[in-house]
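All remarks here apply to the structure that follows.
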Amino acid sequence: MKKFKILSFVLALLLIVSSAMGCKKNDESGDGKKTYEKSGYLLVDHGISEYVVLLSKNPLENEFIAANELVYFLEESTSAKLSIVKEDSYTVTDKTSIISIGNTAYAENKGVKTDGTLDRSGYVMRTVDNQLFIRSDGDGLGCVYAVYDLLETAIGYRYYYTDEIYYEEKQTVDLYKYDIVADPDYDFRAISTWDAFLNANEDYLRRTRTFRKDENWAFGGQMHVQLSHDGSGAINKDLWYEKHKFGTVKADGTPDHWFSETGVQLCWTAGEEMYRQAAEDIYVRIKNEPTKTYFGVGQADVTLFCNCDRCKTAKAEWALNDAGLQMQFINNVAKYVNEWVERDFKGREIRLVVFAYYATETPPVKQGENGKWVPYSDKVVPAADNIDFYFAPIYTDYSKTLTDVENQEVYQNLLKWKDFLDGRKNDFLLYTYDTNFHHFFYNFNNFNTFREQAAKYSEIGVDYIHSQGANTTNQPTFQEMRYFVESQILWDTSKNYDDLVNEFITHFYKDAKEEIRLYYDLTRLRYEQASVLNGVSYNSGIYSNIGDSKIWTSGVVDQFDEIFKKAYSKIEHYKTDDPKTYDKLFNRIKELELTLTFTKLKNYSANYTQKEVSALVDEFNFYVYKFDINKEKEGGEPTVGLFDNLKK
Amino acid sequence: MKTNSKSFIRKLCHVLVVSIVCSLVSVGLVVRGEVTTGLSAPFVESVRIGTVVQIPDYYVDKGGKSVKATANVITPNGRVFAGSKFTADEGGRYVVEYVVDSAVVHTEDCIAVMGATDMFSVNALASIGGIADYKYLPAGSGFKGVAVNVNAGSTVTFNREIDMESFTKDEVFFEATVEPKVQGEADFKQMVITLSDPSDSSTYFRIKISDGHADGGTPKHVIFVNGAANGQTAGGYNYDGGHVVWQEKDIYGTSAYSSFRAELAHDGYSDYSIKLYYDSSEKALYIPRRGEMSLIVDFDDPVVFGGNAWSGFESGKAIMSVSFTEVEGNGGRVIFNQIAGISLQQDLIEDTVAPEITIDLGKQEKAPNSLIGTQYKVFPCLVYDFFDSNVKVETKVVYENLFTGSKSDVLITNGTFKTDKLGKYTIKYTAIDYSGNKTEKEISFECIAKAEKIVLTQVPSDFTATVFDEVKVTDVSLIRAYGGNGNLDITVKVVDCDGEEVEIVESSFIPKKLGEYRILYTATDYYGESATVAVKVNVTAQEKTMFLNGILMPNVLVADFEYTIPMVYAKACSQGEIIDCEIEYRVNGVKIDASRKFKADGSVKDTKIECLALAKDGTVLDTTSKDVLVIDGKGGKDQTAYFCNYDGKMTVEETMNSIDLIASADTYAEFANKLNAYTFSLGLNYLFEECNFESFNVTLSDVNDDSVSLTFKFEISENGVKITSPYGDQTEFPSSNGYFKFNFNSQSGIVTDANNLSVTFADKDDLGRPFTGFTDGIYVKFAFREVFAESKISLSLLNNQSLGFRSEFEEDIRDVKGPEIVVLGDLPVRAPLGTEITVYSAIAYDVLSQSLAPTVQVQSPSGKVVVAQKLADRDFTLKLDEVGTYRIIYVAYDTATISGETEGNRTRLGQIVTVYDSVAPTMQVEFSDMEKTVGDVITLPTVSATDDSKVAYYDVFLTLPTSEVRMLLHGENGNETSYLDEKDDNYPPSFKVSKNQFKLEMKGKYVLTIMAYDDNYNLVMKTFTITVK
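Going down the list, the sequences are from chains P and C. The letter at position 500 of the first sequence is residue 499 when you use numbering that gives the first Met the number 0, and the numbering goes up by one with no holes. The letter at position 969 of the second sequence is residue 968 when you use numbering that gives the first Met the number 0, and the numbering goes up by one with no holes.
Structure representation (structure tokens):
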């Protein structure tokens, strides 16, 4: 798998760089932050900088962005504005104070190189005397990330949210002795919350080092497109259903159906004619989406897989399970697609992605020698390197670690896939979840385990993660904090979740930090407490009943009410001291409080006078609209007006 | 908006022509001998936003060699980068500079324009399918537009701010075509369009368009449309069957011949698309039906929506979003044909309309001149551009020397600039949208050395007035002023001889002191400079008396009821001095005591109430009086007596079930007793053939101010009843079999029917003033108007009192109904222990008898009476010091006693307040922060918790370094359950050592949290940190 290859490369590179440069080993301070030895040179000296940012003659857009971000934040912090120069118009000598970003000829000459195999997010950053070099491969994105790491050590830069960026204000900034070959735990990191998907802006994604979930994907990364009607899937049901619906037979009486009994899934044993047709449809998509790499083949978002005699027999003889049937299907489809792509789009990288989801979560394996899992038969071995697997363990309990007894099945499947793909070039992508789709107003309790699960997947070799949140709506459930913490952890899974939470709350909620931390802690404790005492696992599948009034009892609501009152009182002084900050903090707290307002209206409206209920409804309508909290649950009614019936 | 549309189309043609021309232009590469120069390929002229643009190479001849130039791209917002391609991710002009040896040798540019599809955004559950034809017709037949594929939960947003203030019902506001997968079938049930104010989220209206056949019976070519704004109940006028009916039920509303199922009617009136028309001035939505424009809903109609009539979008703008309900599993498809005057049939739409700039001058008509050396504020401006919501506005100020004509720029700092030179200043606003469309607007003024003095003219001369006589004040509109800078604001006030301001009411005041009053007219300019002119009024004495208020008594008194004459005040001018007079109160010539109470004497039909103003020596200076009718209702046995008619043109008869009012000509009857001021109910019965009048009017008037009244006019026809409130529109009043019930809530102003559904609304009183409610009680009057033959209306209910004798036995006929109690405030439903709440005062009203003052009693949860029969005439506070349910019971009696009883009819009104414990338990725990090593075992601390409520719980949680939370122990009044027990399978065996011990298995920070709480979840927590090395 790709991950293993990259890791070994990085290890080798590290050794080379260390020995070649004889660099000081980076240390970690007690708080987990990396510290570096000072170089003796100053990037900024009492508000003045002799440094210029050196770009190549034809810099990549990301290299240009990296330079701009560096100059912008250094100026914000120190008032020193560094110039950006291109090396064709600027003379550099060994004495020149430069920060070289990207593939400059000067960096090449100085021997600061990569061999072109760094992950897209990775970078090399090295100090040589008074000069700093940053390089990456591919589209130069790694240089941008290097700059953020540089800013973090230089001026304490931290990006919490679009309107909350921290950096120290200082006059003098040291140049440290960097000697880094960075390789994040995940090279692709997507957390598709509202902010990162429908409400995304490029700064936010870049500065949190995350991607849109559909980057490089055809058709928005949709995986439920197998039977699309508009030609965006594998088989156009409109064209083929009547001719090949379940029960159709050929002249010789043999089955000729392409669809399952219910018509919502494909019959993966339909045969060559269907495989070729699917390949033709996919080929059209490839042609129509000339810039895309990933093409989801997927399956319908239901469990109604084909159970015809043909499929049953195949499972018994060579497929073992639905994943085995799917493997044979995609192998046959890929055969055509790859042949035509090679013929018509030579050199273009195309990846065909199938789901490991519902019935296909378990790979078609049997236990071989030494207990290792091996393909169940030759027919289920991936026949092409560009068949990828999108593992979506929908039944995971997100309040438990992957190795917990509750998640044994998921974990075992993961281990099986690891063995199944060992030594192959097929990518294993992770599609995990970040919300409860029936309860958008309540906190999805993956706080306790996000880091562990991410670390475990990474450890096994997953390099691509998409954590699906409620991307159709904002939520009042610490979304800004989740995004900050999760994006940090996906970069480096050794970071401590709790420390990141504290850091975020301190900067984001400021004077109300203690109350918001208490609210956060009590929420987590209450899930555990209610689960244990009520004997019901409210933790925390994506459809668990986490809105249950047995969790959010009237007493719990009263306690939260008091916490929020105290939080507001803590920021009260800003009303006169700094009205803008007051508004900002008030809105942040109010957004969180909507969970409480929702609970009051949904479960406890009888506890309030009619006037109070009407005021709560008005407040709810106003703020859900203001904060883009559009839906109570997946497919639910619009939130504005949800409780209007309580107004009289 | 049509203008825009045409303009866009014109421009679109231009773009298309340019594209065609472009394709005909040959590649500009020139070959001279061995050297190739010029562009390697034509550069595009226009592209759609989001397109990746390949930059052609450019070659120059350099010393006989062909040299490729470096291409630098300059984006519309000024970013510069080099490369061979770029993504046109913003609208506007992109310039490519070709550079050789640091010199620009050639430039090219192209414009990025918006695509129709770019104006839409969708959530993850929908996808935009580009510009598409309607599949059930041949291409080009119509209904082309932006196709969107939708699923359950899809939201489609038209993300341009729509100017909502200029639409009329002559132009299409919205057109969409539903394209089902299969003709005759519907893929979803409803399309919901929401338009909301971008600057005020609580302002919106919503239109629901439903598949008519979803009900299983309506034809497939029919849709229903209804609408509602800001929490209104959605509805639409239905025109089927010849009657216009307001329809709020289910999917229904206004029917129209369009289809969710690609089905047409056969009469030629139907269409595939759905067209909606919005009229901005009416705030109403229309749809064509059989060639005629039909009203769906008028959002600001108070008749339909009562107090919730919609006032429109405050910003004048709206954002449109569309969602879908009951979408079939395979989704559906909608083609948006046009929105807000923008045709969506072509993809490339170039923005050629410049932004609009509106300079906000506040109250000024033009920019006021400035005084030399002063700071001048740059007037704010509003900019609107349909395509560009982020238009940049540049402001600059130019100074012009009027003598030399020379001009110079002026520095603006923090929105102001200094006008330090005499001459002309011009503030110039320039707005440029992303497509480069520019609008300039400017406003000028002069800087002068000294402002002209402010002078007021046409001010009246000084004059003389007499004390207590009304003095007219000339209105400011008749006063003239000039000078100063900017508009002059003229105000007037009156001060008395002591310098105290005197209230001016309806352009006059009454002087109550002797001496010089002054009427002060002040003119104030933009800078606050002002000038004042005083008109002196010499107020002189005169031997006269002035009653400051009248005798506020009902027109009718009920025999044996006790009444109190309200205080009357009088001043007299005696021997050149003003004195306060003593008042003597008399009823029928008999002086009454200081309490001013008297009982109405039924034997004296016309009672005279007199107030005598006395001099210090007891001399009567003046007298005011009022004659009042006294009726005898015999304690409710004769209900007809309460309906007082003064002209003999009305007969009042009592039947078993009603009081019948029979009129032979225009006349009225007044109900004698004071009634509930907060809610009023009246049950009416009629036979149409007995309704020989134009209208039957019900007037409610305030007992404390009879100028505040509301007259509701009822018109009865064969088709039913219609009601008109003061200055309101006529509306249908639901009736059944000649019966209707009229309810009026004076706090909300809403009229409801027998089912408590809103019918109409009163926001103005009979004098056209804003109606804000009644004070203490109302009187009611029933009038027949334009009677053309004998007419009869039967009243069966008045507030809580059934009318009619209701019994066949004489001895049973009497008032048996208790009073109505109105509590003047809201008690909380729940409150924490120890809270002090306000128990509000109450008023009671009785229809046929007199209501005695209500009392209130409070019973604590333990049954203790903590407040006993206290007169509820004022608010008081109550401390809630017991957990449980407090019962607060108001009791009122009326005066209707019969022999042998001492108390009249009773009414009890109970309210409950649940008091909960809000005090957390106390907890004792011995533990402390510590440092340990991996493998160490921790013994849980002993915890004890006590609570006032007798039940105290405690739980012990452990947060692992991984952030995982584990609950280890639960205690309840000393009984503990451990989840560390080996039988418990919550946690791994390696972690569990014993019931009260666990093992530290990893490095990092463990947090032990101990929480004690009670049944109300009042809690106390302690946390301890175990640092594991």
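Backbone N, C-alpha and C define an ideal beta-carbon position, used for all residues, glycine too.
Test: residue i CB closer than 8 Å to a CB of chain P
{"i": "Tyr978(C)", "result": "yes"}
{"i": "Tyr433(C)", "result": "no"}
{"i": "Glu835(C)", "result": "no"}
{"i": "Ala233(C)", "result": "no"}
{"i": "Thr69(C)", "result": "yes"}
{"i": "Phe312(C)", "result": "no"}
Chain B residues whose Cβ lies nearer than 8 Å to that of residue i
{"i": "Ala605(P)", "result": "Judged by its chain identifiers, the structure shown contains no chain B, and its protein chains are P and C."}
Per DSSP, the bridge partner or partners of residue i
{"i": "Thr202(C)", "result": "None, per the DSSP bridge assignment."}
{"i": "Pro287(C)", "result": "Met292(C)"}
{"i": "Asp880(C)", "result": "BP columns for Asp880(C) are empty, so no partner."}
{"i": "Phe80(C)", "result": "Val72(C)"}
{"i": "Met545(C)", "result": "Lys570(C)"}
{"i": "Ser568(P)", "result": "Answer by DSSP bridge pairing: none, since Ser568(P) is not bridged."}
Straight-line gap, residue i to residue j (C-alpha atoms, nearest Å)
{"i": "Val697(C)", "j": "Lys763(C)", "result": "15 Å"}
{"i": "Arg9(C)", "j": "Glu631(P)", "result": "A caution first: Arg9(C) carries a pLDDT of 34, below 50, which makes its placement in the model too unreliable to give a value."}
{"i": "Ile459(P)", "j": "Val882(C)", "result": "57 Å"}
{"i": "Val59(C)", "j": "Thr36(C)", "result": "5 Å"}
{"i": "Asn606(P)", "j": "Ser602(C)", "result": "55 Å"}
{"i": "Glu271(P)", "j": "Val221(C)", "result": "46 Å"}
{"i": "Glu160(C)", "j": "Thr958(C)", "result": "50 Å"}
{"i": "Asn25(P)", "j": "Phe210(P)", "result": "Reliability of the predicted coordinates at Asn25(P) is poor, the pLDDT of 41 falling under 50, and the value obtained from them is presented with this limitation in mind. Each residue's alpha carbon lies about 29 Å from the other."}
{"i": "Tyr159(P)", "j": "Gln487(P)", "result": "10 Å"}
Beta-carbon spacing of residue i, residue j below 8 Å
{"i": "Val821(C)", "j": "Asn672(C)", "result": "no"}
{"i": "Asn587(C)", "j": "Phe679(C)", "result": "no"}
{"i": "Gln478(P)", "j": "Asp194(P)", "result": "yes"}
{"i": "Leu832(C)", "j": "Val918(C)", "result": "yes"}
{"i": "Ala450(C)", "j": "Gly482(C)", "result": "yes"}
{"i": "Val51(C)", "j": "Cys109(C)", "result": "no"}
{"i": "Asp270(C)", "j": "Asp350(C)", "result": "no"}
{"i": "Leu908(C)", "j": "Tyr889(C)", "result": "yes"}
{"i": "Met552(C)", "j": "Ala569(C)", "result": "no"}
Residues near residue i by beta carbon distance below 7 Å, same chain, minus five either side
{"i": "Ala540(C)", "result": "Val466, Leu513, Cys572, Gly575"}
{"i": "Lys188(C)", "result": "Ser209, Asp210, Ala213, Thr324, Glu325"}
{"i": "Asp928(C)", "result": "Phe1023, Thr1024"}
{"i": "Ile478(C)", "result": "Leu455, Gln457, Val458, Ile489, Tyr520"}
Residues of its chain near residue i, where Cβ-Cβ distance is below 8 Å and the 5 sequence neighbours each way are ignored
{"i": "Asn755(C)", "result": "Asn742"}
{"i": "Trp416(P)", "result": "Ala355, Pro362, Phe388, Phe390, Phe427"}
Beta carbon proximity, residue i to chain C, threshold 8 Å
{"i": "Thr649(P)", "result": "Lying outside 0 to 647, the shown extent of chain P, residue 649(P) is not represented and no answer is given."}
{"i": "Asp26(P)", "result": "With a pLDDT of only 42 at Asp26(P), under the threshold of 50, the placement of this residue in the model should not be trusted; the figure read from the coordinates follows. So no, Asp26(P) is outside the interface."}
Any non-hydrogen atom of the ligand COA closer than 7 Å to residue i Cβ
{"i": "Leu908(C)", "result": "No copy of the ligand COA occurs in the structure displayed, which carries no ligand at all."}
6 Å CB neighbourhood of residue i in its chain, flanking five on each side removed
{"i": "Ser198(C)", "result": "Ser314"}
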